[in-house]
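Inspection log for the structure reproduced underneath, given as structure tokens.
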Amino acid sequence: MAYSMGDLKKGLKVELEGIPYRITEYQHVKPGKGAAFVRVKMKSFLDGRVLEKTFHAGDKCDEPNLQERSMQFLYHDGDYYQFMDNESYEQIGLSKDQVADSAKWMIDGMAVSILFHNGKAITVSVPQSVELKIVETPPNFKGDTTSAGKKPATLETGAVVQVPYHVLEGDVIRVNTETGEYLDKVK
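Counted from 1, the sequence shown has number 122 at position 122 by UniProt numbering; the numbering is strictly sequential.
The structure is reproduced here in structure tokens:
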């Protein structure tokens, strides 16, 4: 399906010159003279680059051939992150660039979502919140009870987040993967 200028909106997935994009910003412009046009900012699914483009009446862009599949993260072998399809048991390896920031939230056995473009894996998405164990954090000191105070904590994946003083080494916490913020302590 081809999209025209009037179909474009924020969040829409489009394909230009064989590259899939997501529209991140959308502005419909009606100048005093001349025809209306749409100015968009699009982020590439392949490399994360942002492209600014202007669409005029009659311009078209295609719908990308994207499929999202639930897969299980198996392990990181040093070069590639290995995943297994939960239905076919097929295994694939993705590079550090393809996994990007998702790597700091993934633990062995975690269910993730992998986006495929024309049958080729391009990106990995982790759940919006994950539960991870703290492997290192400074000890508490008497008087460190202010609710606004924070200290760094290293998680089992290697990610570092700011946590309240009452959270200790060995605790399991819930973290927002989009912002990297501590949400709460898991009981």
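Every residue, glycine too, gets a C-beta built ideally from N, C-alpha and C.
As the structure is a prediction and not an experimental result, all values here were calculated from the model.
Nonlocal neighbours in the same chain, by C-beta distance under 6 Å from residue 163, ignoring five residues either side: By one-based count along the sequence shown, residue 163 stands at place 163. Within its own chain, the residues whose Cβ lies closer than 6 Å to the Cβ of residue 163, once the five positions on either side in sequence are excluded, are 153, 182, listed in chain order.
For residue 128, three-class secondary structure by DSSP: Position 128 of the sequence shown, counted from the first residue, corresponds to residue 128. If DSSP states are grouped into helix, strand and coil, residue 128 belongs with coil.
Limits of the unbroken alpha helix (DSSP H) element including residue 99: Within the sequence shown, residue 99 is the residue found at index 99, counting from 1. Residue 99: member of the alpha helix (DSSP H) spanning 96 to 99, first to last residue.
Contained beta strand (DSSP E) runs [length at least 3] in the segment 150 to 186, N- to C-terminal order: Counting whole runs of 3 or more residues, the segment 150 to 186 contains the beta strand (DSSP E) stretches 150 to 155, 160 to 164, 172 to 176, 181 to 185.
Residue 104 in three-state terms, based on DSSP: The count along the sequence shown starts at 1 and reaches residue 104 at position 104. Here residue 104 sits in helix by DSSP.
Span of the beta strand (DSSP E), counted from its first residue to its last, around residue 24: If you number the sequence shown from 1, residue 24 lands on position 24. Run containing residue 24: 19 to 29, per the beta strand (DSSP E) assignment.
Host beta strand (DSSP E) of residue 116 (start-end): The residue you call residue 116 lines up with position 116 of the sequence shown. Residues 111 to 117.
Beta-carbon proximity list for residue 138, same chain, < 6 Å, skipping 5 on both sides: Counted from its first residue, the sequence shown places residue 138 at position 138. 151.
Identity of the residues DSSP links to residue 71 by a beta bridge: Counting from 1 along the sequence shown, the entry for residue 71 is found at position 71. Beta-bridge pairing links residue 71 to 85, 112.
Alpha-carbon spacing of residue 1 relative to residue 62, whole angstroms: For this step, residue 1 is matched to residue 1 along the sequence shown. For this step, residue 62 is matched to residue 62 along the sequence shown. For residue 1 and residue 62, the gap between their C-alpha atoms comes out near 6 Å.
Enclosing beta strand (DSSP E) for residue 52 [first to last residue]: As a position in the sequence shown, residue 52 is number 52, starting the count at 1. Segment 50 to 56, the beta strand (DSSP E) holding residue 52.
Assigned exposure category for residue 56 - 16 Cβ within 10 Å defines buried: Translated into positions along the sequence shown, residue 56 becomes position 56. The residue in question, residue 56, is exposed, as its Cβ has fewer than 16 Cβ neighbours within 10 Å.
Residues that residue 38 bridges to, as DSSP identifies them: On the sequence shown, position 38 is the one that residue 38 refers to. 28, 55.
Inter-residue spacing [alpha-carbon to alpha-carbon] between residue 166 and residue 131: For the purposes of this step, residue 166 is taken as residue 166 along the sequence shown, with counting starting at 1. For the purposes of this step, residue 131 is taken as residue 131 along the sequence shown, with counting starting at 1. For residue 166 and residue 131, the distance between alpha carbons rounds to 17 Å.
Cβ pair count under 8 Å reaching 3, the segment 61 to 80 against the segment 110 to 128: yes
Assumed close pair residue 60, residue 21 - CB separation to whole angstroms, cut-off 8 Å: Locating residue 60 in the sequence shown gives position 60, where the first residue counts as 1. Locating residue 21 in the sequence shown gives position 21, where the first residue counts as 1. Actually they do not touch by this definition, with Cβ atoms about 14 Å apart.
Three-state secondary structure (DSSP) of residue 7: Locating residue 7 in the sequence shown gives position 7, where the first residue counts as 1. The answer is helix: DSSP assigns residue 7 an H, G or I state.
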